[in-house]
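Peer 1: Provided herewith is a single structure, encoded as structure tokens, for subsequent inquiry.
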Amino acid sequence: MAALLRSARFLRFSPSGSLQIIGTKRNGLPLGGLYGGAVGGRITGPCTRRVASGVGNAPRPCAWPCASSGTMRGYTVSTEQREGDASLGVRSKQAQQFDWALAKLDNSVRRTGRITKTQLLRIFHDICRAGYPSGNQALLLLRSCGCLMPEMPLADRTDLAHRVWDKLQELGASYDSSHYNALLKVYLQNEFKFSPTEFLAKMEAANVTPNRVTYQRLIAAYCQNGDIKGASTILGFMKSKDLPITEAVFNSLLTGHAKAGDMESAVNVLPVMRGAGIEPGPDTYVALLTAYADKGDMENIKKTMETVEEAADSSLMDRDIMQVIFSLAMAGHQQHIPELVERMRHERGYVPDAMNLCLSLITQGQEDTAFAILKTFPTLQAYNVNSDSPDLGNFFLRHCVNMEKPVEKIVGYCKELQDANLHASPLFFTLSCALEDKKTGFSHELMKAVKEQDLPLRPHYFWPLLVHHVKDSNTAGVLDVLKSMQELGVPADAETFSRYILPVFPDKETARRALEEVGCSLQSEGFLSSEIRSFATTSDLAALYATLSDPSFPAMDLTAFRGSLIAGFKKSDNVENMVKITEFLYNDPRFCRENSTPAEAVSFFLYHLIDSMGERDLHAQEEKLRQYFHKLKLQNIVIPYNIYRGIRNILASFNLEDLIKDVLFLVDPCDRVTGAEGKLLMLEKNLAQLKEEGKPVGAVFKQLILLLCAEDKLQRALELKQEFEDEIGRHAGGCAALINLCCRHDNVEEAINLKTEMSRKDSSAVLDASKYLALVKVLAKHGRMDEAVDMLKEMREKEVMLKEHNLTTLFHLLNGLGAKGDVGGVRRLQDTVFALGLTRPTGNLCSPLVSAYLQNNDTPGALEAAMECYKRFKQMPRIHDIAVALVEKGNTDLLQKTMDFVSQERGEMTMLYDLFFAFVQTAHYREAHKIIETPGMRAKPGRLQWYAEKCIGANQMEPLDNMVELTAKLFECDRDEMYSYILRLCKETNDFHKAEATWTKMQDENVIPRERTMRLLANILKSNGQEVPFEVPETWYEDISTMEEVQVLTEAPRSRMAAADPFRALPTPDKAGINCTTRMLTLCKKKRPKEAYGMLKDADQKGAAVNPAAYDILIRSLLAEGSLEEAMQVKDMAVSCVSGFQLSDIANSLLIVTLSKNGQTEEGMATLKSMLQANQVPMTLAITRLVQALAQGPEADAAGIQEVASLTKALGSPLAVSSMLFANNTALAHIRRGEVESAVEVLEAVYTAPGSSFPNMSFVYRKVLEENHDEAMDKLSAMAERLANHFGCCRPAADLFLTLIDMDKVEDAKFLLARCNAVAEQKAVMVSYLAGLSKKPGQVDKVKSLLSLIPDFTEKDVQYTYMMKCYAQDDDLASAKALHEQMLRERVDVDDLSLKRLAVLYRRAGEAAPYAEPPESFKFYAEKLKERKAQAERGLESPSLTSSLHPSILCP
Amino acid sequence: MAATSGFKKVFELYVSKIPWTLANKEMREYFGQFGVVKRCLLPTDKETGFHKGFCWITYSAEESLSNALHTDPHVLEGAKLQVQRNRRHQFIPESTQKNKDSDEAL
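Same order as they appear, the protein sequences are chains H and A.
Counted the way numbering that gives the first Met the number 0 counts, the first sequence spans residues 0 to 1451.
Counted the way numbering that gives the first Met the number 0 counts, the second sequence spans residues 0 to 105.
Set out below in structure tokens:
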């Protein structure tokens, strides 16, 4: 708050001050001194000081003669007593919001010394929207309407202040003298002319007493107009009231005399002040300087400044000088300004102050002076942090645009800035400001200037102007901009047309006519391609075809509209038209680029079409594409083989093998034959022919070799090579491929021959790294190490780099040798590779050597090798395996040596872990135990994880289990993490017995599991059909309603507690109380609150203190169990131990729930009332239960329900109680009392109320049906039909219909439907009911009943998705299978979610699904489906349907 | 199925600090000097009508991408563009595409 409140800290008393500051607190918030009457420390605005000097609170510490409003607060005795209809709860929320608003403004003032209009308006609107504005908020807003907004013209600022004043008053803010004084200050700062006497009268009428500050400011107001007489009247009045005359008053008088033209008296104020015992301060001098400045009296200005400089205790700051500059400018004495500018010392904070000065000057028409000031900015300022080029004066230019200064002038400024290298592109910046502000005319002028300077103008410059016209469907606006574009010679391009111009017209004809009228060419490429695009994207393929095939249509590259065409094809179902267009484009040369053919362009288009469709679309539209390809074939459309290959690759990657065949048909038959085979044949034929004709065969030969290699036909390739002995060496690529092929076929001789041949023919030819490695591999495999080493050397010579994936190959190469125990081979290759520097030695690459020794059972050799590796490369490969081998052999000496080595090189801790893991691995658990108990051992999570992952990877439960057990006491060991490793392995092996045992063990060990662990465990149990013995932590998508509500309630606050409660974070408690608290919380969490209660009693007797929050949690847990009595006892204990203990909102809410359940409605009501009194907000559930209890109780207490309703209403919006809760229950209460008519009245009123949202009343029907209350049922049913047939309100009838179905009264439902046909159209209600059904098992029959009565209330795919969910709930594989088949038969799109559900059913039944199970999670597919529905619905505008779809589909 | 060299690879640049005066066309032209630009996505703010100051350039060949990346600085109409390789996509290493049975992994 500092900047806004800073002034308050500097409060000082005037020498004559007889006032005392009394507490400035108000509403308990430290905001009393908001702005402290003055503006923040940094505020300079020239008018500030000028006005301030008259009023006496200038923003500097020593110049604070009197704590204006701060002091005044002392007088205002709690004017904040207004008690509206807002509860205190709402008010405290307001207070928070106020803090936020204040912080925001404060931040702005601190950074820039100003507030922008937008900022202020936003806060103003927020405050208005929230309602109940507080006095402080009003003050905050009012005070901001002065010189804190230098960018706003003075009159506008005053208008804004008045708007704020009136609006907040209307909303119920009450004003005291502080508000009136704030308004006065704003008047002064804005030089607003008003009548002081009227102002006083207004205050009097409002029954607000003016205070000293009021008078001071009124004096200032008179003086501002030079009205000394008026000022004197007030002055006399102050004297008569014995109010102190402060420096501020004298300063005002000085200004007043000067304004009245009496400089002599003005100057004379100073000695008078001194006579009164007040030393003139800087403000006084500023007032004097300003007075001289008004007259342009430079002589005296200089003199006065010197006087001030001489006086020891005061000096003028930059911002004081700025004020004088401002006055000079305003009075038209610009010529003197440079002299003063020079006097400024560029103190800290100069820039923001100077910026504000510039802004004020611009606002008030003195932009030239402002520009002069701008040029004095330190040039460093030009380079800001965010850009590399200078951009000084952005604020200046922007404000010039805002104030619509003459364009020529701005262009001049821009030029000057650019020439001085202060700004890289000022003109474009200015233009962007104008565009942002949507100033069409202004932008036009600026663009003219841009054009004159030969800078580029582009169509997209106009988009910011067009975008809002399009949004407002403002045709005239769009045409204006278009005209401007034409005048400037910028023709609109396709994008501009299709995005920003055409959409504004209702249809194409209108658009064409309007465009023609403004003289816009309809033959321009931009327009035409935009038109095509619009046809394409709206899938109007017929129109598109007509346009394109018009002979007058000019030539246009297909790529100009390819994207839209693809989009259109994707959307269209009209294959005929797609084919027609494709065929047309295929034959018409107008639509391809110069150096290509239309056939090529179309082929490419097909590739792009497939490429852009993506997996989902391709699968969904497979059939359509098949037809499309078929028909293209019929039209003799042929695509080249390489295009086919591209398409094939895409389709293959999405498993659309079938479709590939259809594409293949499009390939030229001679190209195709049977894919590669055919091509081979063709090439062979070509080759033979060329040979026969004696022509060079090079190209074909190379192609053929490459193809043979790709097809893995070594034999034929070698034959060919023989046949064309000379050729092979000439084609490095073909040769390399052949070498690789030979290596793969283990034909080392041929490979080497080819290699030699290649080098002979072309010594510069280089193989790539993978081929070299293939050679090395095959050579090494055949024991030809020398040659292998030579190969490596050649790699070095030819600078062949090893890439990441080559390293893997290299490792496998070495490891392969190692696995054969070829120590010598590995060593030789490894040494060569490292010696040549082909790659850096890594642990991985070093390990094959050790492996080779281990393979040969030569552990000492392995150890030597590892130690050598360490010496040479600082790598210690396979130490664990060596240690394991040594332990197994019982070779203690060597083991000792190994460990000494590790210990020496890597430290003792590493050694101990290595030893530990070696013992665990070899099942030497006793030894392992000793190791882990070594004093000083601590958990190394990384190492433990390494071993655990190793076990999980190798599926070794025993060592893992032991490792976890052995580390139980290890210091700082994350137990949850340890157990989660076991569970992960259990999941891998699907071993739920082990998982269950682990769970028990965790409890033994008192481990508090993370949610992740619990989910993992639940997952294992569930997928094995086991009951989950605990509550699975909820994730957002889980179905809350099916859980026991109260459990949810205890769950939520607990997790909230977890964040707040420090005890949970500390697993090592050392104090009895903390220990007790933790254990209690754990017990509560495990749903054993009774035990926790017992423990608490013990602790209480022993006098151990328990964390107060723990009491609350225990009470909540007990209540959740329904243990009312114990809960109340804990409460008593808490009250006696913790002073001022109060149940939390949640605990109280639970209490109400419990009481309501027990039928103790009176107590429940009392608790509710006490909560509201304590400003607690009850939970919705508490209200619901209480209301239901009231309705069901013996009294059927309709009046009680009304009381709760009105109590809740007073709380206002924070409570989201269903609107029907009260109506439904009131109706029920009436029915129970036999007053059915009243019930009908209540309900009917709800539905016939204007703006009714037609809420759900199934609850009433259900209760009535359950109670077999026939009379009531008849009347309610009659009401529903009446509402449906006469008022067109079908909701009650639909609710009744669904309730009947839900209660298996299908016949009744059928009759109702016959009487009220409109019910069938309540799609949203039905779907949401369906969604609800599919969440619970055993509901299929109801779904079927519903569908049998209204078979087509929604789309098939939606119905089937829910059906599938129902079957999944019931674990009914047979039906699900049948449904799936039905869907396939009916060609209903089976979404991934349903497929996933079905697959899980298969899996549970131990059967294999006939398709690949969608790999992602349920959540993933649910999201996907949701997104798709949302997209589909967006066009249909049926939000209710989509919203009813979301929650249910999400839950598997 | 012998998978030919990876169409799955995406050679994409992320370009930021684009001055508002440049549009798609200019970006395409400029970055076209390093190779064939397959796609240029310069998102526009629907509210303001200005583009958002960043764009993605997709090349069809790796070479073009590295050409662009090796050029520094990229100055276009006086503004220095910030150009980096786009990290959105996971690249599939070459080794998995050739002579390995990678299809199952995908």
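Note that the Cβ used here is the ideal one computed from N, Cα and C, for glycine as well.
Which stretch, first to last residue, makes up the alpha helix (DSSP H) that contains A750/H?
Peer 2: Indexing the first sequence from 1 puts residue 750/H at position 751. Counting along the chain, the alpha helix (DSSP H) containing A750/H begins and ends at 747-760.
Peer 1: Contact check, S388/H vs G77/A under 8 Å by CB: the rounded distance?
Peer 2: As a first step, residue 388/H is located in the first sequence; it is residue number 389 there, counting from the start. As a first step, residue 77/A is located in the second sequence; it is residue number 78 there, counting from the start. Yes, S388/H and G77/A are in contact; Cβ-Cβ is about 7 Å, under 8 Å.
Peer 1: Would you say P18/A lies against chain H (beta-carbon separation less than 9 Å)?
Peer 2: Residue numbering aside, residue 18/A sits at position 19 when the second sequence is read from its first letter. Output row for P18/A: interface = yes.
Peer 1: Does the ligand ATP have a heavy atom nearer than 8 Å to the CB of Y1359/H?
Peer 2: The model on display carries no ligand, and the ligand ATP is accordingly not part of it.
Peer 1: Anyone know if the C-beta pair for L886/H and Q920/H falls short of 9 Å?
Peer 2: What you label residue 886/H is simply residue 887 of the first sequence in a count that begins at 1. What you label residue 920/H is simply residue 921 of the first sequence in a count that begins at 1. According to the sequence displayed, residue 886/H carries Val and not Leu. A contact, by the Cβ cut-off of 9 Å.
Peer 1: How many whole angstroms separate the CB atoms of A1319/H and F1286/H, which I take to be in contact at a CB cut-off of 8 Å?
Peer 2: Residue numbering aside, residue 1319/H sits at position 1320 when the first sequence is read from its first letter. Residue numbering aside, residue 1286/H sits at position 1287 when the first sequence is read from its first letter. About 18 Å; that fails the 8 Å criterion.
Peer 1: Identify which residue in E718/H, V268/H, D390/H, N106/H has its Cα closest to the Cα of L421/H.
Peer 2: Reading the first sequence from its first residue, position 422 is the one you call residue 421/H. Looking at the Cα atoms, D390/H is the closest of the given residues.
Peer 1: If you follow the alpha helix (DSSP H) that I930/H is in, where does it begin and where does it stop?
Peer 2: Working through the first sequence from its first residue, we reach residue 930/H at position 931. Taken as a continuous stretch (DSSP letters only), the alpha helix (DSSP H) holding I930/H covers 924-931.
Peer 1: In chain order, what residues of the same chain lie with their CB nearer than 7 Å to the CB of Q80/H, ignoring the 5 residues before and after it?
Peer 2: Taking the first sequence and counting its residues from 1, the one referred to as residue 80/H is at position 81. At Q80/H, the pLDDT of 36 sits below 50, so the modelled position is not reliable and the matter cannot be decided from this model.
Peer 1: Determine, using beta carbons only, whether P377/H and Y349/H come nearer to each other than 9 Å.
Peer 2: Within the first sequence, the letter at position 378 stands for residue 377/H. Within the first sequence, the letter at position 350 stands for residue 349/H. Yes, the Cβ-Cβ distance between P377/H and Y349/H is below 9 Å.
Peer 1: Tell me the residue span of the alpha helix (DSSP H) that contains W164/H.
Peer 2: Taking the first residue of the first sequence as position 1, residue 164/H is located at position 165. 153-169 is the span of the alpha helix (DSSP H), which, as asked, contains W164/H.
Peer 1: Of all Cβ atoms in chain A, is any one closer than 9 Å to the Cβ of E494/H?
Peer 2: Within the first sequence, numbered from 1, the residue matching residue 494/H stands at position 495. Yes, E494/H counts as interfacial toward chain A.
Peer 1: I want to know whether the segment 210-223 of chain H touches the segment 180-189 of chain H - three or more CB-CB distances under 8 Å.
Peer 2: In short, these stretches touch, since the Cβ pair count reaches three.
Peer 1: Hey, out of P1413/H, V248/H, K684/H, whose CA is closest to N654/H's CA?
Peer 2: Taking the first residue of the first sequence as 1, we reach residue 654/H at position 655. Taking only the C-alpha atoms, the option nearest N654/H is P1413/H.
Peer 1: Compare the C-beta of A423/H against all C-beta atoms of chain A and say whether one is closer than 9 Å.
Peer 2: Reading the first sequence from its first residue, position 424 is the one you call residue 423/H. Cβ-Cβ to chain A under 9 Å: yes for A423/H.
Peer 1: Determine the DSSP secondary structure at S1472/H, reduced to helix, strand or coil.
Peer 2: Beyond the ends of chain H as shown, which are 0 and 1451, falls residue 1472/H; an answer cannot be given.
Peer 1: Could you tell me which uninterrupted alpha helix (DSSP H) segments, each at least 4 residues in length, are contained entirely in the segment 367-432 of chain H, listed from first to last along the chain?
Peer 2: You should have 393-401, 406-418.
Peer 1: How many angstroms separate the CA atom of I17/A from the CA atom of A1367/H?
Peer 2: As a working note, residue 17/A is residue 18 in the second sequence. As a working note, residue 1367/H is residue 1368 in the first sequence. So the two alpha carbons sit approximately 52 Å from each other.
Peer 1: If you draw a straight line from the C-alpha of T1067/H to the C-alpha of C972/H, how long is it?
Peer 2: Working through the first sequence from its first residue, we reach residue 1067/H at position 1068. Working through the first sequence from its first residue, we reach residue 972/H at position 973. Confidence is the limiting factor: at T1067/H the pLDDT is only 34, short of 50, which leaves the residue's position unreliable, though a coordinate-based value still follows. Those two C-alpha atoms are separated by around 11 Å.
Peer 1: Given that A22/A touches chain H, what residues does it touch there, using C-beta distances under 8 Å?
Peer 2: Translated into the one-based positions of the second sequence, residue 22/A becomes position 23. By Cβ distance, chain H contributes R457, P458, H459.
Peer 1: Please say whether T1360/H and L1397/H have beta carbons closer to each other than 9 Å?
Peer 2: Translated into the one-based positions of the first sequence, residue 1397/H becomes position 1398. Translated into the one-based positions of the first sequence, residue 1360/H becomes position 1361. Going by C-beta atoms, L1397/H is not nearer than 9 Å to T1360/H.
Peer 1: I'd like to check one pair, I126/H with L104/H: are the Cβ atoms closer than 9 Å?
Peer 2: Taking the first residue of the first sequence as position 1, residue 104/H is located at position 105. Taking the first residue of the first sequence as position 1, residue 126/H is located at position 127. No; because the gap between Cβ atoms is not below 9 Å, this pair is not in contact.
Peer 1: Consult DSSP for A78/A and reduce its assignment to one of helix, strand or coil.
Peer 2: Taking the first residue of the second sequence as 1, we reach residue 78/A at position 79. Reduced to three states, the DSSP call for A78/A is strand.
Peer 1: Rank K632/H, D745/H, E278/H by C-alpha distance to the C-alpha of A310/H and give the top, closest one.
Peer 2: As a first step, residue 310/H must be located in the first sequence, where it is residue number 311. Of K632/H, D745/H, E278/H, the residue nearest in Cα terms is E278/H.
Peer 1: Report the rounded CA-to-CA distance for A491/H versus V82/A, giving the unit in angstroms.
Peer 2: Start at 1 with the first residue of the first sequence, and residue 491/H comes out as number 492. Start at 1 with the first residue of the second sequence, and residue 82/A comes out as number 83. Distance between the alpha carbons of A491/H and V82/A: 29 Å.
Peer 1: Expressed to the nearest angstrom, what Euclidean distance is found between the alpha-carbon atoms of T841/H and S902/H?
Peer 2: The count along the first sequence starts at 1 and reaches residue 841/H at position 842. The count along the first sequence starts at 1 and reaches residue 902/H at position 903. Between T841/H and S902/H, the C-alpha separation is close to 21 Å.
Peer 1: Show which residues of chain A have a CB atom less than 8 Å away from the CB atom of F427/H.
Peer 2: Translated into positions along the first sequence, residue 427/H becomes position 428. The contacting residues are P18, W19, T20.
Peer 1: By DSSP's criteria, W55/A is part of a beta bridge. Which residues make up the other side?
Peer 2: To locate residue 55/A, count along the second sequence from 1; it is residue 56. In DSSP, W55/A forms a bridge with Y13/A, L40/A.
Peer 1: Sort out for me which residues DSSP pairs F970/H with in a bridge.
Peer 2: Walking along the first sequence from the start, residue 970/H turns up at place 971. According to DSSP, which records beta bridges pairwise, F970/H is partnered with R937/H.
Peer 1: Taking C-beta pairs closer than 7 Å, name the residues in chain A that E524/H reaches, listed in chain order.
Peer 2: Within the first sequence, the letter at position 525 stands for residue 524/H. Going along chain A, no residue has its Cβ under 7 Å from E524/H, so there is no contact; the nearest lies around 13 Å.
Peer 1: Give a yes or no on whether 9 Å exceeds the smallest Cβ distance from G52/A to chain H.
Peer 2: As a working mapping, residue 52/A is identified with position 53 in the second sequence. Output row for G52/A: interface = no.
Peer 1: Is the separation between the beta-carbon of E403/H and that of K438/H shorter than 9 Å?
Peer 2: For this step, residue 403/H is matched to residue 404 along the first sequence. For this step, residue 438/H is matched to residue 439 along the first sequence. Going by C-beta atoms, E403/H is nearer than 9 Å to K438/H.
Peer 1: Chain A partners of V466/H, CB-CB under 8 Å?
Peer 2: Counting from 1 along the first sequence, the entry for residue 466/H is found at position 467. Those within 8 Å of V466/H in chain A are K45, E46, T47, G48.
Peer 1: What span of residues does the alpha helix (DSSP H) with S1327/H cover, start to end?
Peer 2: Locating residue 1327/H in the first sequence gives position 1328, where the first residue counts as 1. Element bounds for S1327/H: 1322-1332.
Peer 1: Is E948/H closer than 9 Å to A922/H when the C-beta atoms are compared?
Peer 2: For the purposes of this step, residue 922/H is taken as the residue at position 923 of the first sequence. For the purposes of this step, residue 948/H is taken as the residue at position 949 of the first sequence. Cβ distance not < 9 Å, so A922/H and E948/H don't count as in contact.
Peer 1: Restricting to Cα atoms, I'd like to know which of I1007/H, S563/H, L454/H is closest to L1080/H.
Peer 2: Taking the first sequence and counting its residues from 1, one reaches residue 1080/H at position 1081. The option with the nearest alpha carbon to L1080/H is I1007/H.
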